[in-house]
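Engineer: Just so you know, the sequences run in chain order A and B. According to numbering that gives the first Met the number 0, the first sequence holds residues 0 to 567 in order. According to numbering that gives the first Met the number 0, the second sequence holds residues 0 to 482 in order. Where a beta carbon is used, it is the ideal one built from N, C-alpha and C, also for glycine.
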Amino acid sequence: MARRELTVLAGGTVYDPANQIDGRVMDLWMELGRMIAPPSSRELEESTVRRIDATGYVVMPGGVDMHSHIAGPKVNLARRMRPEDKRQTTPVERHLSHHRATRSGSTGSVPSTFATGYLYSGLGYTTAFDAAIAPLAARHAHEEFRDTPLIDKGFFILLGNNHYALSQIAKGEQERLKAFAGWILEAAGAYAIKVVNPGGVEAWKSGMGNIHSLDEPLPHIGCTARQVVRGLAQAAMDLGLPHPIHVHCNNLGLPGNFNTTLATMEALEGRKAHFTHIQFHSYGGKTGDQSTFCSKTAELAEWFNNHPEITVDVGQVMFGETTSMTGDGPLGYFLHKVTGRRWTSADTELEAGCGIVPITYREKKMVHALQWAIGLEWYLLAQDPWRIAMSTDHPNGGSFLAYPEIIALLMDKGHRDEALKRAHPGILMRSRLAELTREYTLNEIAIITRAAPARMLGLVNKGSLAPGADADITLYQPDHDKRRMFALPRMVIKSGRVVVDDGDILTDEGVPDSTRTWMVRPGFDPGALPDIRKWFESHYTLRFDNYPVEIERLEKIAALSPCGAKKP
Amino acid sequence: MDPKGNQSTKVSGSGILININQLCISAHALVFRMPSPLPVGFANSLGISQPAICAGCGCLCDDIVLRPQEDNLEVNTRGCVKGQEWFSQTTATGPPALVDGKQVSLAEAIQHAALVLCQANNSLIFGLERITCEAAARVVAMADWLGANLDTTASFNQGPTGLAFQGVGEIACSLGEVRNRADFVVFWGADPDRTHPRHTERYSIHPPGIHVPLGRRGRFVVVVDPEDNQTARQADLWLKPKPGRDFEILWTLRALVQGLDVGNFDEEANGVGIDQLCELAAKMKSCRFGVLFFGQGLMTGTGHHLNADAAVGLAHDINAHTRFYARPLRGAGNPTGSDSVACWQTGYPFGINLARGFPKYNPGEFTTAALLERNEPDAALLVGVKPSDYLSQNHLKSLAGIPWIMVGNVDLKESVSAKVVIRTAPLATATTGTVYRMDDISLPLKAVISSPLASDEEVLAQLEFAILAQLRAGLPAKSGEPV
């Protein structure tokens, strides 16, 4: 009988909040890419054991980024638009030796695909999701994922301005909406339903400006943002999707938008939903009057703290140069007008919009400093760390490479006070950040960077080191400088294989990439297909049969996340 | 997979192969398959599609009917001449691989090609026009390993547009947006009737759409072109400026759209009247959804990237009033897909140099024409491109002076000076993979016939493998490096 090959990560100080392990010195065992229970002495006799000494290191599950923009047309358009952004930053160099072969890449706010995989992995992240893919761009996103190594991936599809979805919602055809959502998730090889500025993008594309309130009907279709959010939230629940609808509310970035955010949360009437980059939706003040701009985090956080069906990620703004990219077409135009910088817009037939604008967040600029403060307020005012995930909405608020700095700001009030002193003083009057004394513990950091986002996504094998979980593990060197500690993990293990050792990427083009793309197959009522097909063939410019991503392509890469609560 | 590695037979598992000349046609490809209504397998098994995709221009029509007859392939391109040209390239006569003009095995040719490239210090990799994205991914990879210059045909065709996008951005939409919404369509320096014969039928002028139920009657069509052409004759307004005055006219339109005083507009020099431009600007502002398609006509003269810059800038300005877009018309094959692949893997779409171990971008320095004009490359790989489509006599002369490799389904006359020639299966009929329409929409190309020649993807994957092996053999002996 062939000997089993086991790996033991011995003696590390483990933070595994999903399993109530808070800084316990223990051994972790893995085999064939999965965590296993400690083997018995008899099992040990039949095995070859590779021992990795983790004594003195902090051990956590691999990081999980639940909301990022790393693939697909909008990301690639941003790469194409901004060569200058890449000249300011250190590129990733090609490495070729007898044992290793890694590709080169460009970095900046929108790194190339190989660089994205290496940089995430080098940061201790082993999973990242792209948050906004038009279903028609799904094949493109999968292609880029193929070239994004070392991390598991997945994406959410944009349905909040999809013509078929909107018209079913307008007609009150909830069952048909559900079938359509199930079909299109499968056709795209997607993970969850994303709603961006519900109805607003379609209004913009139709030359009718934008949608600014929940009950403003889309003239040519007849449904309201309230109905869109409610209908799709219900569909996601009825399909038993592992992640509920992922909502980018109307009025992103506008003063006074917290009212819209609160109204959207209330509109769900208890249905589960994830509110993304909540920082961008927590503003007080009057439209068009910057002097009234202020934080409304406290009001929203209070509601959030009392409603366990709601989860959020922050969308933290960090100071510096970045690229704003959004499925919110009118927002792209708004940013172009505000910043005066170049603007890329790209609309997808019957489905979605997109806007890309370079942006520089400055600490001495009151609005930017306040956005930064509001993000931090959210981390500090959200009582349950299991319902808030770390994000910069990469690259919108800043690069994912800023996560170590955010961790330092959360864990160290002194560090935060120093940063506050550098920021525009106006924020002291307009936010409560200065008075918040909370400091995150390592355990809480482990929650908001891996355990909680994994749980919110319904990824049972991620963000956990229990037997059966994926052996995705990060080792950190304890350091009083939390930024340094989290920026340079000592070691990263992906599916049981050491992929980063002291900053070196260990991988070889010749070795099959073990990463997977997470998707769902919730099933759908086949009786709805003829109607979908008829609609499709009347309006799209490609054949219905060329629309779904090819089965052969998906089968090679897919990891399926189970859907529960399926109704017959 | 059959011994020739044909994907199409793998899909059906029961294809009947009929030998016709040197082509094998799998009969299953003709059987119309309705998608299974049951939720079995991925995406409800909606995979196989019967009609084929034509990449004879950037329209990528996916409703072409191919019907194998006794000794040929009957192609119904729905009246499109470009399509007929495209599908007529399906013969695969001649040897699969040559070194110094002598027939060799594919494996031998690949080893030779790898050797040439590995021994070079400053190689040039150019083309990537008539290959799938999967094949393009392999080409970008080998450019990376080699530290080569990498350039796509965009540097000749769309280079100016690319530069404009970096200057001002782009206002893009998929062609279905045009079909469903556009009530105002401009062709500037473009004659789609000749270059993209079904563009007007499928996307831009004639089809009824959701917001344009009347089709042609619901659209106002403008052509700006000094030359007489078929598209211009169908237009509601045809402006005939003097050649080379595009920038002045676009910039004047920008001013008019913004309500600025344009001063003394030289009507004689520009060939159009200011009243015509005022009327055009007013129409642009008052339409519901407008789009400006520009063609090669806008890409001529000095400073031509400024023309594209002005076209996109005009679209920017009009967006203060209504929705307006500006898009280039792109040509045959998969240039859009290859640019995309180069861009996601390196960050740049063309004009890339990888010699320092990471991607650098500099059009005019690392673009093919510039490199060949300066006789800088010491070896070259041309892949998926017909050299005479892009390279001047001087470029070809420069190329003939260095060892170069041709990979693609090309005429042997095009590669007489090549050291190594590897001929691949035609993209039109015998290749499976991903191709991009000119509006960045990806489509799944499927082989409908099998070819005795290997596909680009197979050849290039083997070439990359050989290059890696040779580069590694040249490294110092194995050390105790961690695995």
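#1: Using only CA atoms, which one of T131(B), Q88(B), F264(B) and R137(B) lies nearest to F464(B)?
#2: Can you check the stretch 485-551 of chain A for any alpha helix (DSSP H) of at least 4 residues that lies completely inside it and give the ranges in chain order?
#3: Compute the Euclidean distance between the alpha carbons of V185(B) and T199(B), then round it to the nearest angstrom.
#4: Under a CB-based cut-off of 9 Å, is N75(A) close to chain B?
#5: Output needed in chain order: residues of the stretch 145-170 of chain B with a Cβ under 8 Å from some Cβ in chain A.
#6: Measure the C-alpha to C-alpha separation of P134(A) and L349(A) and round it to an integer number of angstroms.
#7: T115(A) by DSSP, collapsed to three states: which one?
#8: Would you please state the rounded distance, in angstroms, between the beta carbons of G161(B) and A153(B)? I believe it to be under 8 Å.
#9: Using DSSP's beta-bridge definition, name the partner residues of I170(B).
#10: Mapping DSSP to helix, strand and coil, what is D478(A)?
#11: What does the alpha-carbon distance come out to for the pair E83(A) and T448(A)?
#12: State the DSSP-derived secondary structure class of N352(B), mapped to helix, strand or coil.
#13: With distance defined between alpha-carbon atoms, name the residue in L149(A), D501(A), H97(A) and L474(A) nearest to G483(B).
#14: Determine the chain A residues that contact N179(B) at a beta-carbon separation under 8 Å, and present them in chain order.
#15: Counting only Cβ-Cβ distances shorter than 9 Å, please list the residues of the stretch 209-220 of chain A near chain B, keeping chain order.
#16: Report the start-end ranges of each alpha helix (DSSP H) in the stretch 274-351 of chain B that is 4 residues or longer and not cut off at the edges.
#17: Answer yes or no: do D439(B) and L541(A) have a C-beta to C-beta separation smaller than 9 Å?
#18: Which class does K81(B) belong to by DSSP, given the choice of helix, strand or coil?
#19: With burial defined as no fewer than 16 other Cβ atoms inside 10 Å of the residue's Cβ, what is the status of N361(B): buried or exposed?
#20: Kindly list, in the order they appear in chain B, the residues whose Cβ is closer than 8 Å to that of T343(A).
#21: Following the continuous beta strand (DSSP E) through K483(B), name the residue where it begins and the one where it ends.
#22: Give me, in chain order, the residues of the same chain whose beta-carbon lies closer than 7 Å to that of A470(A); leave out the 5 immediate sequence neighbours on both sides.
#23: 9 Å is my cut-off, CB to CB: does L487(A) come that close to chain B?
#24: Around the Cβ of G78(B), are there at least 16 other Cβ atoms within 10 angstroms (buried) or fewer (exposed)?
#25: CB K73(A) to CB G326(A), shorter than 9 Å?
#26: Assign G146(B) to one of three DSSP states: helix, strand, or coil.
#27: Tell me, please, whether the CB atom of P90(A) is closer than 9 Å to any CB atom in chain B?
#28: Rounded to the nearest angstrom, how far is the Cβ of A445(A) from that of A381(A), given a contact under 8 Å?
#29: Check distances from the C-beta atoms of the stretch 306-336 of chain B to those of chain A and list, in chain order, the residues that come in under 7 Å.
#30: At 7 Å on the CB atoms, spell out the chain A contacts of Y202(B), in chain order.
#31: Consult DSSP for I387(A) and reduce its assignment to one of helix, strand or coil.
#32: When burial is assigned at 16 or more other CB atoms within 10 Å of the CB, is H219(A) buried or exposed?
#33: Below 8 Å, how does it come out for the stretch 235-248 of chain A and the stretch 201-212 of chain A: are there three or more Cβ pairs, yes or no?
#34: Decide yes or no for the touch test of the stretch 208-220 of chain B against the stretch 242-254 of chain B: beta carbon pairs closer than 8 Å, at least 3 of them.
#35: What is the rounded straight-line gap between the Cα of G312(B) and the Cα of W250(B)?
#36: Does any C-beta atom of chain A lie closer than 9 Å to the C-beta of E456(B)?
Structural biologist: Straight from the coordinates:
#1: Among T131(B), Q88(B), F264(B) and R137(B), the Cα nearest to that of F464(B) belongs to R137(B).
#2: Taking 4 residues as the minimum length, the alpha helix (DSSP H) runs contained wholly in the stretch 485-551 of chain A are 528-538, in order along the chain.
#3: Each residue's Cα considered, the two are about 11 Å apart.
#4: For N75(A), the nearest beta carbon of chain B is closer than 9 Å to its own beta carbon.
#5: Under the 8 Å Cβ criterion, the stretch 145-170 of chain B contributes G146, G161, F164, Q165, G166, V167, G168, E169 and I170.
#6: Their backbone Cα atoms lie some 10 Å apart in a straight line.
#7: The answer is helix: DSSP assigns T115(A) an H, G or I state.
#8: Rounded, the Cβ-Cβ distance is 6 Å, consistent with contact.
#9: In the DSSP output, where bridge partners are listed per residue, I170(B) has S344(A) and A325(B).
#10: Collapsing the DSSP output to three states places D478(A) in coil.
#11: Going by C-alpha positions, E83(A) is about 31 Å away from T448(A).
#12: Reduced to three states, the DSSP call for N352(B) is strand.
#13: A query on residue 483(B) cannot be resolved here, the shown segment of chain B reaching from 0 to 482 and no further.
#14: For the C-beta of N179(B), the chain A residues within less than 8 Å are, from N- to C-terminus, E348, L349 and H538.
#15: For the stretch 209-220 of chain A, which is checked against every Cβ of chain B, the residues closer than 9 Å are H219.
#16: Contiguous alpha helix (DSSP H) elements confined to the stretch 274-351 of chain B occur at 304-317 and 334-345, taking only those with 4 or more residues.
#17: Not in contact: D439(B) and L541(A) (Cβ atoms no closer than 9 Å).
#18: K81(B) falls in the helix class under three-state DSSP.
#19: N361(B) should be labelled exposed.
#20: In chain order: F164, G168, E169, I170 and A171.
#21: Given a span of 0 to 482 for chain B in the structure shown, any question on residue 483(B) remains unanswerable.
#22: The beta carbon of A470(A) sits closer than 7 Å to those of M29, G32, R33, M34, I492, S494 and G495, all from its chain and outside the five residues before and after it, given in chain order.
#23: Taking CB atoms only, L487(A) has no neighbour in chain B less than 9 Å away.
#24: Counting C-beta atoms within 10 angstroms of its own C-beta, G78(B) has fewer than 16 neighbours from the protein chains shown and is therefore classed as exposed.
#25: Contact: yes.
#26: In the structure shown, G146(B) sits in coil (DSSP, three-state: anything other than H, G, I, E or B).
#27: Yes, P90(A) counts as interfacial toward chain B.
#28: No, A445(A) and A381(A) are not in contact; Cβ-Cβ is about 16 Å, not under 8 Å.
#29: Against chain A - using a Cβ distance shorter than 7 Å - the residues of the stretch 306-336 of chain B are H315, N318, T321 and R322.
#30: Those are T540, listed as they occur along chain A.
#31: It is a strand residue.
#32: When all chains shown are included, H219(A) counts as exposed.
#33: By the criterion of at least three beta-carbon pairs nearer than 8 Å, the stretch 235-248 of chain A is not in contact with the stretch 201-212 of chain A.
#34: Segments in contact, no.
#35: Computed Cα separation, rounded: 9 Å.
#36: Under the Cβ distance rule, E456(B) does not count among the residues neighbouring chain A, no pair being separated by less than 9 Å.
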